[in-house]
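Chemist: Submitted below is the structure of interest, expressed as structure tokens.
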Amino acid sequence: MIKHFTHPEGKFIIALPVEWQYKNVAVGEKEEPPFSFELYEETVGCFQISIYHENEKSIPKNLKKQKCNKDNLNFFQTRMDGGGFNMHLFYAVVEDHLFMAKYIYQTKDEKLEKISEELVKVKKALQTLQLLSSERKVEAIAIDKYEKFMSSLAASFDLLHIAYKNKSEIEIIIITANQIDAYLRLAIVMKKQLISNTNEIDIKLLYQEENDKPIFERHIYKLAKELVIINQDIFDRLEYLYSDRNRMVHRYIISDLKTRDIGELSIEYVLICEEIRLILASIEDDQFNKQIGIYGGKRNPKEEHSKESINFLHSQVNDKHLVASLQRKIDLSSNDKLDT
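The sequence shown begins at 36 in the numbering used here and counts up by one.
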């Protein structure tokens, strides 16, 4: 069971076990080499991978240059043990870049079966490593951002569950408003794919960097109406709810808004959110039937999810939360299906 890690700038892609957590973000480190991965639970070692251009680090002349966009690279392997730690090192040169990978664990654990299992995973992962060409970078980044968008949407349901459990109507409103915005953004991307007969993902609607010009939710409402995703009635209700929500957030104390009104507002948000979810589902079906876009593949969106896809989602959701109490268990048993 795998998930893909894409270099932040799309330089390379590698398939990793779903039970490995990306540690750079988890521990607050910068997203730069080395990129580090460990088991979510009962970790025994750390896998790290780095990439350097020949201008950053000299490339050993004894290593043969290999081609980009190719997996199953040849790695030079060596060991560097000492100071209470064992280190397995892997080197490969691809075009004008040097890959350096390592697996580190404590010397006292070298006889553990788990170490042997993790080393097998390391070698399998390295077989999937690819340096990407400029054209492939764009596609890889788009897919990575889309997957993170979907995992963030999934993670929001954990927060919504907590809000329902705590009967926190304000939280329900805020989270549901986020979900409505997400559904409409995805619907717009998919409707444009259908109109243009393309599989390309307009990622600017699904992911915004800190310095990107924001695309606000009211603009999303307008785009959805222009593309006939929502009708005038839904648009007007969204505008009304947006105004009331802002009054709740910013003017609860200085306005005549009553606490009872917040409960009624939360119900209206939940109802319209479900309406929009069903609209999105119909666009998914349309894509599948026409074999265009995100859902233009072999899998019908109405089919039961495979265990592998659920484990992948759980892993991505864990990386979104980074909260122990919300961590999902990665099921590595041999059953093909899981309950969703």
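Yeah, the Cβ is synthetic: ideal placement off N, Cα and C, and Gly gets one too. Quick caveat: nothing in here was measured; it's all calculated off a predicted structure.
When the Cβ atoms of the stretch 290–299 are set against those of the stretch 344–361, are three or more pairs found closer than 8 Å?
Modeler: Touching, no.
Chemist: Take S23 and list the residues in its own chain whose beta-carbon comes closer than 6 Å to its own, dropping the five residues that flank it on each side.
Modeler: Here the chain has residues from 36 to 375 only, and residue 23 is not among them.
Chemist: Helix, strand or coil for Q326? Go by DSSP, reduced to three states.
Modeler: Coil.
Chemist: Express the C-alpha separation of I207 and K200 in angstroms, rounding to a whole number.
Modeler: Taking the straight line from one Cα to the other gives about 10 Å.
Chemist: Nearest to E67 by alpha carbon, out of K46, E339, I314?
Modeler: For E67, the nearest C-alpha among the options comes from K46.
Chemist: Give every residue of the same chain whose Cβ lies closer than 8 Å to the Cβ of Y57, excluding the five residues on either side of it in the sequence, and list them in chain order.
Modeler: Hits under 8 Å: F40, F70, S71, F72, D354.
Chemist: When DSSP labels each residue in this structure, what does F192 get in the three-state scheme?
Modeler: Three-state result, F192: helix.
Chemist: Does DSSP put I49 in a helix, in a strand, or in coil?
Modeler: Three-state result, I49: strand.
Chemist: Classify E152: buried if its beta carbon has 16 or more other beta carbons within 10 angstroms, exposed otherwise.
Modeler: Answer is exposed; the Cβ neighbour count stays below 16.
Chemist: Return the bridge partner residues of F82 from the DSSP annotation.
Modeler: Answer by DSSP bridge pairing, in chain order: F72, Y138.
Chemist: Could you tell me the alpha carbon to alpha carbon distance between R114 and I250, rounded to whole angstroms?
Modeler: Near 50 Å, if we compare the C-alpha coordinates of I250 and R114.
Chemist: Strictly by DSSP, which residues pair up with G117?
Modeler: DSSP, once it has assigned bridges, lists F120 as partnering G117.
Chemist: 9 Å is my cut-off, CB to CB: does T113 come that close to chain C?
Modeler: This model lacks chain C altogether, as it is built from one protein chain only.
Chemist: Determine the burial state of D179: buried for a count of at least 16 other Cβ atoms within 10 Å of its Cβ, exposed for fewer.
Modeler: Buried, since its Cβ has 16 or more Cβ neighbours within 10 Å.
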